[in-house]
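Numbering (my numbering), first residue to last: 1251 to 1500.
Glycine residues also receive a C-beta, built at the ideal position from the N, C-alpha and C atoms.
For clarity, every value in this text was computed on a predicted model and none was experimentally measured.
Notes for the one structure printed next.
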């Protein structure tokens, strides 16, 4: 998630949610918010709350995003999501000016899920022509060619790309440096896997606070190594200043 927190010298915000059933009828969500300033180490924040079980996905996500809006940011440039049900509606409700990009890796996994092994290599090569295209018109042409080649045998793949095209094609308007930043959620999922290792190792948490304390300590331990600097950040910052000129802080 790229955004503009309350401090105007922050540019990038990454939000990781870790949702656990703690007691009926509620779910506990934990958000790690990481603010990155050009040329400076990461800054970490921790936000927790509860969402009622049975609440529609869009309503639950809207609650979470509103919490993020109130506590951390003034606005968000672009969200990168894994296309869970309700994500886009919640984002549009809370951040109407925000661009949404679905994770390309998730889309590829879904596309290859039921493909025969003997077809997989050739099919994925044809799909690469879609997501690696130089611009959106070229990607649409490649998708047409893919559907012509594979549509009869695997009709659902091209249909899925077309159904989600609005959020799969957002990154085509950006140059390569920004595309590499927002095309996949893999980096933050690695963090989430490390949190799961901690929660799975313990069968029962007597209270919500005990769970939160364990997650907090795990998060602090994991992020001790988050001191690196993105080498191309100055280039990305300059490009974002052009695309979001009316919203970029001075």
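When the Cα atoms are used, what is the spatial distance from residue 1407 to residue 1460? About 44 Å.
Kindly indicate which residue of 1442, 1312, 1372, 1490 has the alpha-carbon position closest to the one of residue 1341. Looking at 1442, 1312, 1372, 1490, the one whose alpha-carbon comes closest to that of residue 1341 is 1312.
Residue 1380 and residue 1372: beta carbons closer than 8 Å? Not in contact: residue 1380 and residue 1372 (Cβ atoms no closer than 8 Å).
Decide yes or no for the touch test of the region 1382-1399 against the region 1448-1458: beta carbon pairs closer than 8 Å, at least 3 of them. Counting Cβ pairs under 8 Å, fewer than three are found: no touch.
According to DSSP, is residue 1382 part of a helix, a strand, or is it coil? The DSSP-derived three-state label of residue 1382 is coil.
Classify residue 1328: buried if its beta carbon has 16 or more other beta carbons within 10 angstroms, exposed otherwise. Answer is buried; the Cβ neighbour count reaches 16.
Tell me, please, whether the region 1356-1367 touches the region 1398-1413 by the rule of three or more beta-carbon pairs shorter than 8 Å. Touching, yes, given that three or more Cβ pairs across the two stretches are closer than 8 Å.
Coarse secondary structure for residue 1481, derived from DSSP in three states: Of the three classes helix, strand and coil, the one that applies to residue 1481 here is coil, per DSSP.
Going by Cα to Cα distance, which pick from 1386, 1387, 1376 is closest to residue 1397? It is 1376 whose Cα lies nearest to the Cα of residue 1397.
Would you please verify whether the beta carbon of residue 1410 is less than 8 Å from any beta carbon of chain B? The displayed structure is made up of one protein chain only, and chain B is not part of it.
Look at residue 1386 and residue 1424 and say whether their C-beta atoms are less than 8 Å apart. No, Cβ-Cβ distance for residue 1386 and residue 1424 is not below 8 Å.
State the DSSP-derived secondary structure class of residue 1312, mapped to helix, strand or coil. Under the three-state reduction of DSSP output, residue 1312 falls in the helix class.
Rounded separation between residue 1411 and residue 1447 - CA only: Distance between the alpha carbons of residue 1411 and residue 1447 is about 33 Å.
For residue 1340, list the residues DSSP reports as bridge partners. Secondary-structure assignment with DSSP links residue 1340 through no beta bridge to anything.
DSSP puts residue 1455 in a beta bridge; with which residues? Looking at the DSSP output, residue 1455 sits in no beta bridge, so it has no partner there.
Rounded straight-line distance, which links the Cα of residue 1492 to that of residue 1450: Taking C-alpha positions only, residue 1450 is separated from residue 1492 by approximately 45 Å.
Is it true that the CB of residue 1352 sits closer than 8 Å to the CB of residue 1417? At a Cβ-Cβ threshold of 8 Å, residue 1417 and residue 1352 count as neighbours.
Between which two residues does the alpha helix (DSSP H) carrying residue 1405 extend? Its alpha helix (DSSP H) spans residues 1405-1413.
How many Å lie between residue 1469 and residue 1382 at the Cα? Straight-line Cα distance between these residues: approximately 34 Å.
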